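Notes follow once the structure below has been shown.
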Amino acid sequence: MARLKAVANTAAAIEEETSALRVDPESMLRRLEWTVLRRLDGLLQGDYRTLFRGSGLDLADLREYQPDDDVRYIDWNVTARLQIPHIREFQEDREITAWFLLDLSGSIDFGSRRMRKRTLAAEFVALLSRLLTRYGNRVGAILYCDGAHLVIPPRSGRRHVLHLIDEMLAFKAAPDAGSETDLSGLIGFAQPVMKRRSVVFLVSDFISKPGWGKGLSMLARRHEVIAVRLYDPLEQELPDLGLIVMQDAETGEQMFVDTHDRKFRQRFATAAAQREERLRTVLGESGVDCLELGTDDPLDEALLQFTRLRKRRSQLASGGVARSVAYGTQP
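So this is what it looks like as structure tokens:
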């Protein structure tokens with residue numbers, strides 16, 4: 002009886018939280034504009050060109066090749082004539098096309114702190130979209146859940162941003178879907194859709210079937226890809242809560258677990274650490290930067306930290322230091 006009561010209380014709490022988290026897109030965007038965006042405005046403008054580069058149309062200069070320069074820009078005629086590798090530098094176009102590849106599978110609806118990962122993803126997309134569209138750029142999105150895709154073509158303007166947020170908050174799996182996330186399907190679907198070189202944000206918690214790293218590497222060869230990893234602290238380490246019900250957010254499978262068992266909590270933490278290590282390895286091999294967003298972290302602080310990491314990486318690369326992945330909240 003006590004177990005059934007605990008399950009009922011948990012279900013009621015989840016339903017109450019779900020109702021509380023039904024956010025109006027206009028209210029969300031207005032709040033972000035008046036709080037986070039106003040703070041970031043002055044801080045990000047100086048790093049705008051460093052963070053998000055245009056496609057570049059006009060040849061500006063030639064210089065000697067440096068380690069980790071893009072080999073696609075090597076001028077082979079000049080290289081053959083001078084016997085020293087040279088690359089072409091372009092006057093970058095201000096206009097940017099940004100795509101958000103959004104994993105909205107069942108696990109995205111989890112959150113143990115002030116918000117769920119879905120709401121965090123919506124706030125991040127709203128903030129970046131508004132920042133980009135205010136400079137005349139276009140943003141589009143591909144929404145993915147249980148094999149279903151929804152394409153929102155790139156456009157500019159505040160109304161388009163509101164439409165994007167509204168679709169994100171409403172796009173969910175069918176009640177009987179219950180399939181495991183496969184990011185390979187999202188990445189493979191996106192490649193032919195994004196025909197022009199773009200800035201691509203892959204937003205996911207990366208709880209997925211393995212094998213998506215190869216597709217991500219291919220995507221990064223053509224586009225500037227940034228992985229945005231959503232996480233909740235409860236996914237890394239379980240507290241001592243006694244006997245509780247745990248449910249797989251995607252398959253619906255439930256089980257009773259005893260979190261009072263210290264060995265069980267240790268096994269859980271070890272498995273989480275191993276998953277974390279595999280994720281770091283795949284992202285490192287794919288050569289993409291990663292921004293980590295926690296459900297208990299301020300969004301503006303995470304973006305500022307990411308800005309500093311990308312700026313530092315750019316400075317290191319220009320000095321001939323090997324490229325590294327800007328992952329997490331490293332100092």
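Numbered per my numbering, the sequence shown spans residues 2 to 332. Here a beta-carbon is modelled for each residue, glycine too, at the ideal position from N, C-alpha and C. Bear in mind that the values here come from a model prediction, so they are computed numbers and not experimental data.
May I ask which residues mark the beginning and end of the alpha helix (DSSP H) holding residue i?
i	result
THR120	118–134
ILE188	184–194
ARG167	The question names Arg, but residue 167 in the sequence shown is Asp. Start and end: 159–171.
GLU27	26–33
Could you name the residues that DSSP lists as bridge partners for residue i?
i	result
TRP100	GLY141, VAL201
ILE227	PHE202, ASP290
TYR232	GLY295
MET219	Note: MET219 sits in no beta bridge, so no partner.
MET256	MET247
ILE85	Answer is none; ILE85 lacks a bridge partner.
ILE75	ILE88
Quick check on residue i: does DSSP put it in helix, strand or coil?
i	result
GLU90	strand
ASP62	strand
GLU277	helix
GLN306	helix
ASP42	helix
GLY47	For GLY47, the pLDDT reaches just 48, beneath the cut-off of 50, and the residue's location in the model is therefore unreliable, although a value from the coordinates is still provided. Helix.
ARG115	coil
GLU18	Its pLDDT being 45, under 50, GLU18 is placed unreliably in this model, and the value from its coordinates should be taken loosely. DSSP places GLU18 in helix when its eight states are reduced to three.
ASP110	helix
Would you give the residue range spanned by the beta strand (DSSP E) that residue i belongs to?
i	result
ALA149	149–156
VAL246	244–248
Residue i and residue j: beta carbons closer than 8 Å?
i	j	result
GLY148	SER185	no
GLU90	ASP110	no
ALA228	VAL289	yes
SER180	GLU251	yes
ARG40	ASP301	yes
THR134	VAL152	no
GLU238	ALA272	no
LEU33	LEU294	no
VAL140	PHE172	no
THR282	MET116	no
THR80	ASN138	no
ASP167	PRO299	no
ILE85	ASP76	no
PHE125	VAL204	yes
GLY214	GLU286	yes
VAL201	LEU170	no
ASP206	TYR145	no
LEU292	ALA303	yes
Does the segment 253–272 come within contact of the segment 197–207, defined as at least 3 CB pairs closer than 8 Å? no
Okay, do the segment 225–240 and the segment 130–142 touch, 3+ Cβ pairs below 8 Å being the bar? no
The segment 67–87 touching the segment 100–115, judged by at least three CB pairs closer than 8 Å: no
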